[in-house]
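J.: One point on numbering: in the numbering used here, the residue at position 405 of the sequence shown is 408, and numbering is uninterrupted.
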Amino acid sequence: MRKIDYLPRTLGIELVRGCNFNCPACPVTSNKQAMQNMPQFIDLSLLEQLANEIDRWPSIDTIWFFHFGEPMLHPHYRRCLETLSRSSVAHKANVIQHTNASLLQGDNAEAILDIPIIKQITFSFDGFGDRESFNHMRGPHYDLVLENIRRFAYDAHKRRPDLRLATCTILPREGEVPNLVIPPHEIVQQKLEELFRPLGIDIQTRYLHNYSGNDRLFISSKSSSTIAGGCTFVEQNSIYFTVNGYAQPCCAVYNESFNIGRFPENSFGELIKSDYMQQVRHSLRLDNRHDLLFCRNCSLSVDSLGEDGIQKFWIAADERGEIENLDERRHIFQEVLSLPRQVLRLDIGCGLSKPGGFVGIDRMPLSDVDVVADLDFPLPFADNTFDLILASHSLEHVQDIIFTMKEIYRIARHGAQVCIVAPYYQQGLNIANPYHKQNFNEHSPRFWTNSPLTFVESSEYIHPHAGNWNLSESDHSTSSLDLRCLRMEFFYFPQYRYLALEEQREARKKYLDVCDQIMYHLVVAKEPMEKIEMEELARTMEYYEPSYVTNRRLQERCEKAERDLAHARADLAQILEKSRTAVFELDAFRHSKIAKFFKRFLDRSDFRDKISPTFQQLKDDSLIFNAGMQAYRLQPSINLTRIPFLQYSLDVHLPNLKGILLAAIPDLPMRNGVIGVEIVSPSNKIVTQSTVMANEVDETIPVRFDFDTIKDSGNGPFYLRVFTKEIETPVRIFEWRKYKLFGLGPLRTKAFCGFVFEGAGGERI
């Protein structure tokens, strides 16, 4: 039987083993013999190896950066944070650290704020929110701890607002901690709220767990009344590393002899899938805790999630394919959850690729095979066993398909789903295959039921010799088989894959090598099932399919999307080419003498009140720096790509010009080239030049051209030249225009532009 590919999801790293507190409810500090060699610190080289290994496992989503000890006792605590922060996976994970907060000051506190790797700090603050109970449970540290928490919370809110702050407060029950009076829970909650809510700290409380190792404590912890299928730590695919590199399956066992291996001798993958880890997981799932020395006294289980939580937890694990052992499935889904519909799934002819959570049967003793059996003989399972049966490319090899289908029907429950994937018969390779003994096409499932009910469209199966669906008794026998087809899907060769449904259907009837495989989804009917019930079942059923089918469908969708995109690009290219041709033809017409004459004579448009408010500075500067603007209209210039440049006179009367703002009007989106400006001196020398990439031009805002400050720009007149280089499509700018003699006389233009100056006080516009 194969090992399931569990991936580590939760990681614990013990920086320090040992503590500076002596709490009566702690299995570490109460163990006097163990404390003789404490504290122990993780070696930085081991921590660095762990951080490197973490990056190999992006499945890790939670890291507990502590274990059995106070992490800030580590003499190189800052370096520990720096080491973990070099892991990219750790940065994405939820990194949590618990602390008793007695050392949360100085460089320890600064390290957490400086190095943003810890996502949550949880303060262990036992007791009932008052000094007396805290000191009784954790020692005389109340004032120090509270002051450290307050100071740190204040700094964290300013410097690390992303850092979550919380308390973890253990509330002992009556009699669990000697000489401690237990107040009502609502009073405790109120006191904790008064202490921590003003600091922006979340309050978390819990009762004492009955961990293994608590038998050494002088407390009377009570065991849970129920144990329900598995340990929450183990089922989170957890690995907790001690300071010595021993990997433990949970955070509750102090003794390092309880381990599943050691790092770096074993990788995370080897540890999470080790034989001992499998044994621990299996025993806990069956609630056989007595088989495990360090788990037999522990009451932690999935039961703590509550009835709804237990069900969601195990169903989610089942959907991930993590529960395939038959004994585990029976215990969890029948005894714990009483969900018989979730119990067993069978893969007939599984070969080397059994899906997770399935029982695999095959005639060869391969690695994924659970049961070795010949499919031509009765299947070795009791009646009404399975709720899902998969037969993927296996039934074409059996001798008697009706016999095998009756066996499938026998071992399936009423309402069970049967998914069959098989080679489509009308293909050359299939016809030639000497190992195929059965044929499958759109008519095959008609012979597996005598019910006329089906959701397959009649156009798929109507035949001159058989118009009705139900053909299981067409040999005049009485059928004991009722597998009703809910869905039928065809998988096409590439040349037929994108045809319309009607064209595909006609092609299947006429030609060879149209389809390569077919998939049926059937429902087992062992009790009367009316049409309305089948309709509801067909609508609500989650149809199972092998992963390779899902992958193929996704790949075909991607191919279709790429094909459609290629066609769309070709169509768009044609449209753009036609648009460009039309634009150039229009521009050529605009440039013609007759067009220019009529434009001057008839065009009375003025865009000064229509242009966007974002160009207000250009309008203002035009009026400020130009005299006699009467009769000028704001209009587009001629196409800049047809001329060397446009030139305008600038008489700004101010020094230190360092930039120009223009309003560009491209006829089409510009991809290549530049738009540029030149400033020419009164002596006709180019003083400066500036360009902007054409594809960066946004016609909704001014285009800004910056250049070195022209200190004598007030000694005009200077000239502004606007030009383009390597732009393929027409582009214009707004300019001021004035027509003489109703358009018959010469055209006068002024620049529609804004100015950027630099003064003694810095840049101003």
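Beta carbons: idealized from backbone N, C-alpha and C, even for Gly.
Compare the Cα-Cα distances from Arg500 to each of Pro186, Asp519, Ile730 and Ala630 and report the closest residue.
T.: Cα-wise, what sits closest to Arg500 is Asp519.
J.: From the DSSP secondary-structure annotation, give me the bridge partner or partners of Ala250.
T.: For Ala250, which the question treats as bridged, DSSP gives the partners Phe244.
J.: How is the beta strand (DSSP E) around Gly827 delimited, first residue to last?
T.: With the chain covering only 4 through 768, there is no way to say anything about residue 827.
J.: Go to Tyr279, then tell me how far its alpha helix (DSSP H) extends in each direction, as first and last residue.
T.: From DSSP, the alpha helix (DSSP H) with Tyr279 extends over Asp278 to Arg288.
J.: Could you compute how far the alpha carbon of Lys194 sits from the alpha carbon of Ile118?
T.: Going from the Cα of Lys194 to the Cα of Ile118 covers about 33 Å.
J.: In angstroms with no decimal places, state the Cα-to-Cα distance between Thr694 and Phe618.
T.: Cα to Cα, Thr694 sits roughly 20 Å from Phe618.
J.: Which partner residues of Ser518 appear in the DSSP bridge assignment?
T.: Per the sequence presented here, residue 518 reads as Cys, with Ser not at that position. For Cys518, which the question treats as bridged, DSSP gives the partners Tyr495.
J.: For Ile121 versus Ile99, is the C-beta spacing smaller than 9 Å?
T.: Yes, they are a contact pair.
J.: In three-state terms, what does DSSP make of Leu149?
T.: It is helical.
J.: How many Å lie between Arg645 and Leu671 at the Cα?
T.: Each residue's alpha carbon lies about 16 Å from the other.
J.: Please give me, in chain order, every unbroken run of the alpha helix (DSSP H) with length at least 4 that falls completely inside the segment 439-520.
T.: Whole alpha helix (DSSP H) segments, 4+ residues: 461-464 and 504-513.
J.: Select from Met537, Leu391 and Arg82 the residue whose C-alpha is nearest the C-alpha of Gly363.
T.: The shortest C-alpha separation from Gly363 is found at Leu391.
J.: So Gly15 and Phe244 are supposed to be a Cβ contact under 8 Å. How far apart are they, rounded?
T.: Indeed, because the Cβ distance is near 6 Å, the residues count as touching under 8 Å.
J.: Only counting runs of 4 or more residues, tell me where the alpha helix (DSSP H) segments fall wholly within the segment 133-177, in order along the chain.
T.: DSSP runs (the alpha helix (DSSP H)) wholly in the segment 133-177: 134-141 and 145-162.
J.: With DSSP collapsed to three states, give me the class of Asp709.
T.: It is a strand residue.
J.: Pair every Cβ in the segment 185-201 with every Cβ in the segment 40-48, then say whether three or more of these pairs are closer than 8 Å.
T.: Verdict: no, contact absent.
J.: Are the segment 721-732 and the segment 614-630 in contact at 8 Å, needing three or more beta carbon pairs?
T.: Flag = no, the segment 721-732 and the segment 614-630 do not touch.
J.: What residues are listed by DSSP as bridge partners for Val669?
T.: It should be pointed out that residue 669 corresponds to Pro in this sequence rather than to Val. DSSP output for Pro669 lists Val734 as bridge partner(s).
J.: With which residues is Thr125 paired in a DSSP beta bridge?
T.: According to DSSP, Thr125 bridges with His101 and Ala169.
J.: Would you identify the three-state DSSP class for Thr752, choosing helix, strand or coil?
T.: Thr752 falls in the strand class under three-state DSSP.
J.: What residue does the alpha helix (DSSP H) around Glu331 start on, and which one ends it?
T.: Note, Glu331: alpha helix (DSSP H), Leu329 to Arg332.
J.: Report the CB separation of Phe443 from Leu393 in whole angstroms; it is logged as a contact under 8 Å.
T.: The pair is not a contact, with the Cβ atoms about 15 Å apart (cut-off 8 Å).
J.: Could you compute how far the alpha carbon of Leu315 sits from the alpha carbon of Asp306?
T.: First, the residue type needs correcting, since residue 315 is Lys and not Leu in the sequence shown. Approximately 12 Å between the Cα atoms of the pair.
J.: Could you give the residue range of the beta strand (DSSP E) that holds Asp205?
T.: Residues Asp205 to Arg209.
J.: Between which two residues does the beta strand (DSSP E) harbouring Lys2 extend?
T.: As displayed, the chain neither begins before 4 nor continues past 768, which places residue 2 out of reach and without an answer.
J.: Grouping DSSP H, G and I as helix and E and B as strand, with all else coil, what is Met41?
T.: Residue state, collapsed to three classes: coil.
J.: Within a Cβ cutoff of 6 Å, which residues of the same chain sit near Ala573, ignoring the five residues on either side of it in sequence?
T.: None.
J.: For Thr727, count neighbouring Cβ atoms within 10 angstroms of its own Cβ and tell me buried if that reaches 16, exposed if not.
T.: Thr727 is buried by the Cβ-count criterion.
J.: Among Leu723, Asn675 and Pro705, which has the Cα closest to the Cα of Asn687?
T.: Looking at the Cα atoms, Leu723 is the closest of the given residues.
J.: Can you confirm whether the segment 646-657 touches the segment 700-714 when touching is taken to mean that 3 or more C-beta pairs between the two stretches lie within less than 8 Å?
T.: Cβ pair count under 8 Å is below three, so no.
J.: Per DSSP, Trp739 forms a beta bridge with which residues?
T.: Trp739 pairs with Leu637 and Lys753.
J.: What did DSSP end up calling Ile335 once you bin it into helix, strand or coil?
T.: Helix, per DSSP.
J.: Please go through the same chain and pick out, in chain order, the residues whose beta-carbon is closer than 7 Å to the beta-carbon of Pro381, but skip the five residues on each side of it.
T.: Counting only Cβ-Cβ distances below 7 Å, and skipping sequence neighbours, we find Glu410.
J.: According to DSSP, Gln650 sits in a beta bridge with which residue or residues?
T.: Bridge partners of Gln650: Arg724.
J.: Does the segment 522-530 come close enough to the segment 472-490 that 3 or more CB-CB pairs lie under 8 Å?
T.: Yes, they touch.
J.: Apart from the five residues on each side of it in sequence, which residues of its chain come closer than 7 Å, Cβ to Cβ, to Val424?
T.: Answer for Val424: Ser395, His396, Gln520, Met522, Pro549 and Val552, listed in chain order.
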